[in-house]
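Beneath this line is the structure, given in structure tokens, with notes to follow.
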Amino acid sequence: KKVSDEKIQRVVEGLAEIRTMVYGREASMKEWEVKLEKVMDIMNRVEPEKIMMEMGRRDKEVENQNLRINKLEEMTKEFGEMVKNIEKVL
Numbered sequence: 001k002k003v004s005d006e007k008i009q010r011v012v013e014g015l016a017e018i019r020t021m022v023y024g025r026e027a028s029m030k031e032w033e034v035k036l037e038k039v040m041d042i043m044n045r046v047e048p049e050k051i052m053m054e055m056g057r058r059d060k061e062v063e064n065q066n067l068r069i070n071k072l073e074e075m076t077k078e079f080g081e082m083v084k085n086i087e088k089v090l
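The opening position of the sequence shown corresponds to residue 1 in the working numbering, with each subsequent residue numbered one higher.
Shown next, in the form of structure tokens:
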């Protein structure tokens, strides 16, 4: 009888450990659920379509500025050549 009581006691202790682990995991899962909900809320507010549209608009602006810079560089070269030609004439 003593041996069976010890076995039962070990089984009960094992079940208690398992129960504690299950409760711990459930608490951890609830924390992760809350975190996931926060992430989903943030992602829903981000509106990726608007961000992509804004990035496209800015890319076009940068491209236009680069074209203007290239034109100004060409004009500067032309003016430099004109100055050289004027200096030769003078």
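Glycine included, C-beta positions come from ideal geometry on N, C-alpha and C. All of these numbers come straight from a predicted model, not from anything done at the bench.
Asked	Found
Three-state secondary structure assigned by DSSP to K1	coil
Inter-residue Cα distance where the pair is E98 and L67	Examination of residue 98 is not possible in this model, given that the chain is present from 1 through 90 alone.
E47, DSSP secondary structure in three states	coil
Simplified DSSP assignment, three categories, for L90	coil
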